[in-house]
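Student: Sharing a structure, written as structure tokens. Questions coming.
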């Protein structure tokens, strides 16, 4: 993998980045470019176990179980390293949840990016509370 100034290019995709990709929303092309770079070995992409859960349950509610399973299966085939829970990760997430105005799920995702020193790729305005904590690549937010 390529490095710049001794730093590896590591990214963490939030569930909102996956939804941008799956639903061809604004930002989908950016996610596709990152995935292409990961496939070539230029970068490493990670995703939290929480994002798999979020993609599954939101898709299940909106489009049914079959589509939810299809999306999770696709995520498993992408050049992405899944990061599962650990005590260290849980303590980082707990501290973020205790000190910041973010959801429980977003605390886990942000904690994963912090622990890995990865750039968080998202389109969730809730993460703005953590701009001083970690580097982010913001995809265009949905218009309300």
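Numbering (the numbering used here), first residue to last: 1203 to 1346. The beta carbon of each residue, even a glycine, is placed where N, CA and C say it ideally should be.
I'd like to check one pair, residue 1309 with residue 1335: are the Cβ atoms closer than 8 Å?
Tutor: As a working note, residue 1335 is residue 133 in the chain shown. As a working note, residue 1309 is residue 107 in the chain shown. No.
Student: Compute the Euclidean distance between the alpha carbons of residue 1212 and residue 1266, then round it to the nearest angstrom.
Tutor: Looking up residue 1212 in the chain shown gives position 10. Looking up residue 1266 in the chain shown gives position 64. Roughly 32 Å between the two C-alpha positions.
Student: Output the distance between the C-alpha atoms of residue 1264 and residue 1239, rounded to the nearest integer angstrom.
Tutor: Looking up residue 1264 in the chain shown gives position 62. Looking up residue 1239 in the chain shown gives position 37. The alpha-carbon atoms of residue 1264 and residue 1239 are separated by roughly 31 Å.
Student: In three-state DSSP terms, what is residue 1245?
Tutor: Working through the chain shown from its first residue, we reach residue 1245 at position 43. Looking at residue 1245 - three-state DSSP - the assignment turns out to be coil, as it is neither helix nor strand.
Student: Beta-carbon within less than 7 Å of residue 1306's beta-carbon, same chain only, minus the 5 sequence neighbours each way: which residues are those?
Tutor: Along the chain shown, read from residue 1 onward, the residue named residue 1306 stands at position 104. Once the five neighbours on either side are set aside, the close Cβ partners of residue 1306 are 1299.
Student: Give the straight-line distance between the Cα atoms of residue 1226 and residue 1293, rounded to the nearest whole angstrom.
Tutor: For this step, residue 1226 is matched to residue 24 along the chain shown. For this step, residue 1293 is matched to residue 91 along the chain shown. Answer to the nearest angstrom: the Cα atoms are 35 Å apart.
Student: If we require 3 or more residues per run, which beta strand (DSSP E) segments fall completely within the region 1245-1311?
Tutor: Correct list: 1246-1250, 1283-1285.
Student: Go ahead and label residue 1231 buried or exposed: buried means 16 or more other beta carbons lie within 10 angstroms of its beta carbon, across all protein chains shown.
Tutor: Against the chain shown, residue 1231 aligns to sequence position 29. Label assigned to residue 1231: exposed.
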